[in-house]
Amino acid sequence: MKRLAALATAALIAVTLAACGDSREVGNVGVDWTGNDISIDAVADPEVAGVTCHLAYFNRSFIDRISQGNWFEDPSYSALDCSVTGPITIGDISLRGGGEEIFKEGRSLIWKSLRVSRVYDQANNSLIYLAHAREIQQGSGKMSLSVIPLNTEQVTWTNGVPTAR
């Protein structure tokens, strides 16, 4: 029994350390008596000043981990909303269709992570932010999307406005 408790403690510490990312927690809402919570983080885009994304995700409690028998991971569910929080200055962003990752947080001991990626939609002059889970063994259809239209804001491009692809 002591060995199981030590393993569980080590796993929880590893999950907590893996959860460190480039974000700031702005809220934590308890959802039941067992200690399950919904965390809300503010995620700043490192290459786009003036845009902040708020990401909500589920954190399982110790009691829930014991009762479910799955000690090592949190669910992949998330919600994302991004907004303009100041003057927009766009740095060196990827113009590829696959975009680039701006945030990653571990959701299991090793295999699963919650990510936020940014894609530039040149035809519609918009930044698209996508929250999704990534798993090594199997993909997940759980995702959330937020769009920042750039034609309604004053935008500064540090490398000049991209030309048509």
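Every number in the working numbering is 377 more than the matching position in the sequence shown, counting from 1.
Note that beta-carbon positions come from the ideal geometry of N, C-alpha and C, so glycine has one too.
The structure displayed is predicted, hence computed values, not measured ones.
Under the three-state reduction of DSSP, which class applies to residue i: helix, strand or coil?
{"i": "V420", "result": "strand"}
{"i": "Y454", "result": "coil"}
{"i": "I470", "result": "coil"}
{"i": "G407", "result": "strand"}
{"i": "V538", "result": "coil"}
Exposed or buried, which one is residue i when buried takes at least 16 other CB atoms within 10 Å?
{"i": "R401", "result": "exposed"}
{"i": "F463", "result": "The amino acid at residue 463 is misidentified as Phe; the sequence shows Gly. Looking at its Cβ environment, which holds fewer than 16 other Cβ atoms inside 10 Å, G463 is exposed."}
{"i": "G427", "result": "buried"}
{"i": "E482", "result": "buried"}
{"i": "V406", "result": "exposed"}
Taking 6 Å as the limit between beta carbons, can you name the residues of its chain near residue i, skipping five residues before and five after?
{"i": "I505", "result": "V496, D498 and V524"}
Output the distance between the C-alpha atoms of residue i and residue j, rounded to the nearest integer angstrom.
{"i": "T466", "j": "K519", "result": "30 Å"}
{"i": "A510", "j": "C430", "result": "16 Å"}
{"i": "D422", "j": "F435", "result": "22 Å"}
{"i": "L472", "j": "T411", "result": "45 Å"}
Which residues in the same chain have their Cβ closer than 8 Å to the Cβ of residue i, if we skip the five residues on either side of it in sequence?
{"i": "P526", "result": "N501, N502 and S503"}
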